[in-house]
Amino acid sequence: MKISPSTIPHGMALLQDPLLNKGTAFTEVERDALGLRGLLPPHVQTQEEQVARFLVNMRRLPNPLDKFIALSGLHDRNEGLFFRVVCDNLDEIMPLIYTPTVGLACQRFGHIFQRHRGLFISIHDRGRISEILRNWPHKASIIVVTDGERILGLGDLGANGMGIPVGKLSLYTACAGVDPAICLPITLDVGTNNEELLADPYYVGLRRHRVTGEIYDDFVDEFINAARQVFPNVIIQFEDFANHNAFRLLEQYRNQICTFNDDIQGTAAVALAAMLSALQVKGTQLADETFLFLGAGEAATGIADLLVAAMVSQGLTPELARQRCWLVDSKGLVVQSRSGLAAQKQPYAHAHAEVDSFLAAVQALRPTAIIGVAAVGGAFNTEVLQTMAEINPQPIVFALSNPTSKAECTAEEAYTATQGRALFACGSPFDPVVYQGNTLVPRQGNNAYIFPGLGLGAISCGAKHITDEMFLAAAHTLAASVTPEDLAQGSLLPPLTRVREVSVQIAVAVAEVIFEQGLASKSRPEDLPALVRAHVYDPRYVSYV
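Position 351 of the sequence shown, counting from 1, maps to 347 under the working numbering, and the rest follow consecutively.
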């Protein structure tokens, strides 16, 4: 593909545009045609040489946060090179640009801030959000938005939470090939209740406590309407909102606009996919299992809801399916007799005596699977794991909280306490574990297996809404991509090196559902995979002359 020199900036303006800049890889002809002669060193490098140089320098850095900063700098000046580095080295780079390193980067956001990316819209901007959105120079097809109140398992980080939308959108491109030019990260700054941040001289956000109630709701509503006005058909992904807002915002807008909440629905889909892989190893069905969750918030109830939907699709009634799922929150087992339960917990509040601890719940309910999503580090202790091993030949143990400090257990702890029998998935990356001569390879249940492909499918056919059936299709497609060789080494998900291929498969499966449900704004083509692949961005440089 060639781009006419008349359609792109020249000289310094071109070198400062990260979407178009190629740095030292501009050819001699391009340098003359685009006013770059003398602005760059004489030697013309290939993109491969640029990748090698960057990696050499990055790998010399002493810690993950320094590497994150280096990668962010590259992202800010040359997106093609950044995504080439990421795509060609996904196993190494993903933990640096997203979990677990992004958690520390958000905590230190104001201290390491170098250059703006995305839009910050504050509560003081009420009444002119449309005007602010029009300051964005590109057409946005997908927005990832946060208000920073529940960043990973770290809590309220306010405007520092911008690292999450930026990281998520990087994964859209790296893992599914969504064009970075159509991606827009946004932080809604309504203040923070984090006193440490409010006292931090380098904090980048409003120095006030959080706005709540009607003012907050009106502000979010203005943002939603303005985004739809400025960017028609845009997909809006809610990210890291606190429980008290996440569920109701999703319910309020899911049937009005094209939106989803990745913490609720994306987490659910990747967990369901890993569960389907575990059951393939066991030779059982979902209806044969008893699921016990540590946590009762967005992730827990989102996973439970999708497990129920999957069981219903296999013939179980919703009532019987919900009875297979139990929740433990900070007060103990969620039971029917407890008063004041949040709406999302009520379907999973079953008749049972009160139980005050997770271990006691394991002992009482004898679950076949435990799923940790409460961000309580070390909660799956040796006693819990050994109890699971005593009551199950192949206990399913999903320690899905992140970052690593919040993981319920490590892979080594899970395998050791269960004599190597655990079917394990994790929310943070862990190295392979050698147990009694066998190498077990845990795979991270990263939402990046799901949301990039789902977004690619939705963009490809102009989806009007995102439905639960699309997440079910994504989960089944992801599970189907796991090979017998993966399962034999304890991997319940495919390697990240295959994620772009898997994401395209997910996008096609999602697009099938979109057309079946009549939710596409485009006519169905004869070749649906070709439609999807036509929207896949390739980070290799193109010629401008």
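All residues carry an ideal CB built from backbone N, CA and C; glycine is no exception.
- By how many angstroms is the C-alpha of N434 removed from the C-alpha of L396? 23 Å
- Could you name the residues of the same chain whose beta carbon sits closer than 6 Å to that of T473, not counting the 5 residues immediately before and after it, in chain order? Q501, I502 and A505
- Message: Whole angstroms are fine: how far does the CA of F237 sit from the CA of V226?
- Response: 23 Å
- Considering only residues of the stretch 47 to 92, which uninterrupted alpha helix (DSSP H) runs meet the minimum length of 4 residues and lie entirely inside it, listed in chain order? 60 to 73 and 75 to 84
- With a cut-off of 8 Å, do at least 3 Cβ pairs link the stretch 462 to 477 to the stretch 505 to 524? yes
- Item | Exposed unless 16 or more other CB atoms sit within 10 angstroms - verdict on R111 | exposed
- Message: Which same chain residues end up closer than 6 Å to Q440 when comparing Cβ atoms and leaving out the 5 residues on each side of it in sequence?
- Response: C422 and P425
- Message: Mapping the DSSP letters down to three states, classify N190 as helix, strand or coil.
- Response: coil
- Query: Hey, G106 and P161 are a contact pair by Cβ (cut 8 Å); roughly how many whole angstroms apart?
  - Reply: The Cβ separation is near 16 Å, so there is no contact.
- P480 to V52, Cα distance in whole Å? 36 Å
- Message: From the DSSP secondary-structure annotation, give me the bridge partner or partners of V324.
- Response: L290 and L329
- Query: Where does I260 fall in DSSP's three states?
  - Reply: helix
- Message: To the nearest angstrom, how far is the alpha carbon of I125 from that of V308?
- Response: 42 Å
- Task: Take N17 as the anchor and find which of L32, V25 and A317 has the nearest alpha-carbon.
- Result: L32
- In chain order, what residues of the same chain have a beta carbon less than 6 Å from the beta carbon of Q12, not counting five sequence neighbours either side? none
- Option nearest I138 by Cα separation, candidates G416, I253 and E404: I253
- Task: Count the other C-beta atoms from every protein chain shown that fall within 10 angstroms of the C-beta of V478, then say buried if there are 16 or more, exposed otherwise.
- Result: buried
- Message: Please return the same chain residues whose Cβ sits closer than 8 Å to the Cβ of K(-2), not counting the five positions on each side in sequence.
- Response: Any reading at K(-2) must be qualified, since the residue scores a pLDDT of 47, below 50, and its modelled position is unreliable; the value itself is stated next. Counting only Cβ-Cβ distances below 8 Å, and skipping sequence neighbours, we find V538, S539, Y540 and V541.
- Message: So, at 8 Å on beta carbons, what are the nonlocal neighbours of S517 in its own chain, with the 5 sequence-adjacent residues on each side left out?
- Response: N229, C457, G458, A459 and K460
- Query: Can the beta-carbon of L148 be found less than 8 Å from the beta-carbon of T97?
  - Reply: no
- Item | Buried versus exposed, by CB contacts within 10 Å (16 or more), E235 | buried
- Rounded to whole angstroms, what's the CA-CA distance from A530 to Y249? Just pull it up for me. 29 Å
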